[in-house]
Ligand SMILES: Nc1ncnc2c1ncn2[C@@H]1O[C@H](COP(=O)(O)OP(=O)(O)OP(=O)(O)O)[C@@H](O)[C@H]1O
Ligand SMILES: [Mg+2]
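And the structure:
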């Protein structure tokens, strides 16, 4: 009976339906094929903006910028540079400029000739401890990667030895630094290689890569980092006495590189998984990026409560949750936007001095630089109207010098 009904329905359907288009492929086929097409197009795009054989470089710096980065006057810069044959400013259209390598040499020279306790090389000394700054928020697009990249470059250009770690499987930070996650980063070449649970684990020193800024190194990311999220529940189930639990694994890997750096900057994924918890446990400082809009702030309220609960859980299992400072950074701020100003005032009223004084303003100079995998330090000023570039640079410098002051305070130095 049922079979007969079905047959009748099928016949009716046949009579009334129009000729069918080709059937939709299965979801898995469709998704995989879209992924492959997108990947091919993106790789072609990257090849145009940054050919694989080309080393990513950073532009030279004008005397005014160089003097500011070194903390000296332009006249003194000219004098020191003229006395040292190894310093060779580029002269173009009558204008001098200095390479990052020149800046590093100049800083060493200045330090060697320094008098009266003045320091030009800001490296850690004595019992000043490694600063590990975790940039986080589980709201996607809150400006974590942009903040981490500019902070890492700002610090390195000011003479600190910096390690940037891309902990996001999406690997935007790596792409920004010229390491394409799909083509330039192989197995065990992300932090996963140094924190994995099995015997394939490698020392972090084997994974760290140099960048085009001498004092800045990077541990790139790619999808492989997801493995840590999958491995951890299994490792927890089969754990033996003496095993390092997930929350201590990043700290353990960083301890191996302890003496090589002054600051580690970790760009977290937009989720509160095992990777983020491990970064948080390793952190001596936490920077939470927040775009001042209602949906973002609501999402952050859940994020903070969840983070608090998870931190309590891991501290019950012996994790260290001590830290030097925790700050909120307002990102993509539009000074002329009334509701955003109200939201910033609201956040300041609740979090007080935990909110950094300077917000990072929204600027086309930052977003346009991002489109070609660059930061504001890398793009040429001439690509933008001067006021656009200068306003963005001023904001980046204000934000990062405030963070630098926190680092120095944690070391017991004067700001
Ligand atoms: N100050 C700014 N001015 C203009 N655009 C900005 C600024 N900061 C970030 N952006 C843009 O906003 C977008 C998101 O920023 P970003 O990738 O830094 O966020 P994220 O929190 O790392 O995102 P995800 O959660 O996906 O990792 C990017 O396109 C970036 O170029
Ligand atoms: Mg990001």
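In the working numbering, the protein residues as written are 1 to 415. By construction, the Cβ of each residue, glycine as well, lies at the ideal position given by its N, Cα and C atoms. These numbers come from a predicted model, not from an experiment.
In this structure, the alpha-carbon of residue 78 lies about 19 Å from that of residue 119. Closest by C-alpha distance to residue 412, out of 352, 322, 102, 125, is 125. The Cβ atoms of residue 153 and residue 407 lie no closer than 8 Å to each other. In the three-state scheme derived from DSSP, where H, G and I count as helix and E and B as strand, residue 146 is classed as helix.
Listed in chain order, the non-local C-beta contacts of residue 290 below 8 Å within the same chain comprise 137, 139, 142, 296, 297, 300, 328, 329, 330, 331, 347, local neighbours out to five positions each way being set aside. For residue 376, no alpha helix (DSSP H) run applies, since DSSP gives it neither H nor E. Residue 147 and residue 360 do touch by the CB rule: their CB atoms are close to 7 Å apart, below 8 Å.
Residue burial is scored here from C-beta neighbours: residue 217 has at least 16 other C-beta atoms within 10 angstroms and is therefore classed as buried. Apart from the 5 residues on each side of it in sequence, residue 193 sits with its Cβ closer than 6 Å to the Cβ of 202, 207 in its chain, given in chain order. Where residue 263 is concerned, the enclosing beta strand (DSSP E) starts and stops at 263-267. Relative to the non-hydrogen atoms of ligand 2, the Cβ of residue 147 never comes closer than 7 Å to any of them. At least one heavy atom of ligand 1 falls within 7 Å of the beta-carbon of residue 289. Around the CB of residue 180, 16 or more other CB atoms lie within 10 Å, so the residue is classed as buried.
By the CB criterion at 8 Å, residue 375 and residue 149 fall inside the cutoff. A distance below 8 Å separates the beta carbons of residue 287 and residue 133. The alpha-carbon separation between residue 221 and residue 20 amounts to approximately 45 Å. Shortest Cα-Cα distance from residue 211 to any of 80, 106, 219 involves 219. By the C-beta criterion, the stretch 227-247 is judged to be in contact with the stretch 268-281, since at least 3 inter-stretch pairs fall below 8 Å. Taking a cut-off of 8 Å on C-beta distances, the stretch 247-261 does not touch the stretch 104-118, as fewer than three cross pairs fall below it. Looking at the DSSP output, residue 217 bridges to 163, 210. In terms of side-chain proximity, the C-beta atom of residue 95 is found no nearer than 7 Å to any non-hydrogen atom of ligand 1. Annotation for residue 160: 122, 262, 263 place their beta carbon closer than 6 Å to its own, counting only its chain and skipping 5 residues before and after. Comparing alpha-carbon positions, the option among 245, 94, 343, 265 lying closest to residue 293 turns out to be 343. A heavy atom of ligand 1 is found nearer than 7 Å to the CB of residue 361. Taking the C-beta atoms as reference points, residue 97 is found nearer than 8 Å to residue 60. Ligand 2 has no heavy atom closer than 7 Å to the beta-carbon of residue 127. Nearest Cα to residue 99 within the set 30, 127, 70: 70. Distance from residue 394 to residue 214 at the Cβ level is roughly 25 Å; contact not present, criterion being Cβ atoms closer than 8 Å. Under the rule that a run must span 4 or more residues, the alpha helix (DSSP H) segments found entirely inside the stretch 260-332 read 274-282, 294-316.
Residue 155 has its alpha-carbon roughly 29 Å from the corresponding atom of residue 246.
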